[in-house]
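**Student:** According to this note's numbering, the sequence shown is numbered sequentially starting from 224. Using N, Cα and C, we set each Cβ at its ideal position, and we do this for glycine too. First the structure, then my questions, so here it is.
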Amino acid sequence: MLGNNTIDESRFTFSSLGIFRKILLGIVWIFAVIFILGGIIWTFFPHIMQDELNYPLVNLIVIIVFLNLFSFWIHFAVCKRKTKQLAVIAILQMFPLLNPIAGLIFLGVYWVSRQERFG
224 MLGNNTIDES RFTFSSLGIF RKILLGIVWI FAVIFILGGI IWTFFPHIMQ DELNYPLVNL
284 IVIIVFLNLF SFWIHFAVCK RKTKQLAVIA ILQMFPLLNP IAGLIFLGVY WVSRQERFG
């Protein structure tokens with residue numbers, strides 16, 4: 224802590240994360256790359272998938288962009304220990320995305336980050 228109740232944000236980086244949060248970010252990016260590459264292949268080479276899209280191409284592009292932005296948001300929130308954002312990500316994982324395991328993992332990341340930020 225610095226004077227005036229401010230937190231030294233410069234110490235919150237990827238390199239200062241614990242091993243489990245680094246593994247979590249690695250898993251997030253591996254899945255994002257797999258889905259993004261799959262979407263790109265399906266977009267530009269649909270004959271490889273041997274199936275036509277049953278919805279407009281713009282929907283696939285929006286999903287790819289959303290997934291990429293969501294991965295960047297997760298990365299930023301975990302690395303910078305943004306506790307409010309981590310809580311929102313955990314809630315989003317649990318309810319709209321129906322992924323309770325990931326939601327619980329992000330709640331764990333939230334609690335660890337909260338301890339780091341506020342002691």
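Can the beta-carbon of F235 be found closer than 7 Å to that of K303?
**Tutor:** It is a contact, given that the beta carbons lie within the stated cut-off.
**Student:** If contacts are defined as beta-carbon pairs under 8 Å, then T306 and L283 qualify, I think. What distance do you get, rounded to the angstrom?
**Tutor:** With 8 Å as the limit, T306 and L283 do not qualify as a contact, their Cβ atoms being about 34 Å apart.
**Student:** For a quick check, are the C-beta atoms of I287 and I259 less than 7 Å apart?
**Tutor:** Against a cut-off of 7 Å, the Cβ pair of I259 and I287 comes out as a contact.
**Student:** Quick one, which of W334, V311, V251 and S238 has its alpha-carbon nearest F295's?
**Tutor:** For F295, the nearest C-alpha among the options comes from V251.
**Student:** Skipping 5 residues on each side, what residues in its chain have a beta carbon closer than 7 Å to that of A255?
**Tutor:** Only L290, N291 and S294 meet the Cβ criterion.
**Student:** Let's test the definition: count the other Cβ atoms within 10 Å of the Cβ of L247 and tell me whether it reaches 16, buried, or not, exposed.
**Tutor:** By the 10 Å Cβ count, L247 comes out buried.
**Student:** Using the three-state DSSP reduction, which class does G241 fall into: helix, strand or coil?
**Tutor:** In the structure shown, G241 sits in coil (DSSP, three-state: anything other than H, G, I, E or B).
**Student:** Answer with buried or exposed for V332, where buried requires no fewer than 16 other C-beta atoms within 10 angstroms of its C-beta.
**Tutor:** Counting Cβ neighbours within 10 Å, V332 comes out buried, since at least 16 surround it.
**Student:** Using the rule of at least 16 other Cβ atoms within 10 Å of the residue's Cβ for burial, across every protein chain shown, is G226 buried or exposed?
**Tutor:** The predicted position of G226 is uncertain, since its pLDDT is 48 and thus under 50; a value taken from the coordinates is nonetheless stated next. Exposed, by the Cβ-count rule.
**Student:** Give the range of the alpha helix (DSSP H) segment to which L320 is assigned.
**Tutor:** Run containing L320: none; DSSP gives neither H nor E here.
**Student:** How many Å lie between A313 and L327 at the Cα?
**Tutor:** Roughly 7 Å between the two C-alpha positions.
**Student:** Using the three-state DSSP reduction, which class does N291 fall into: helix, strand or coil?
**Tutor:** Correct three-state label for N291: helix.
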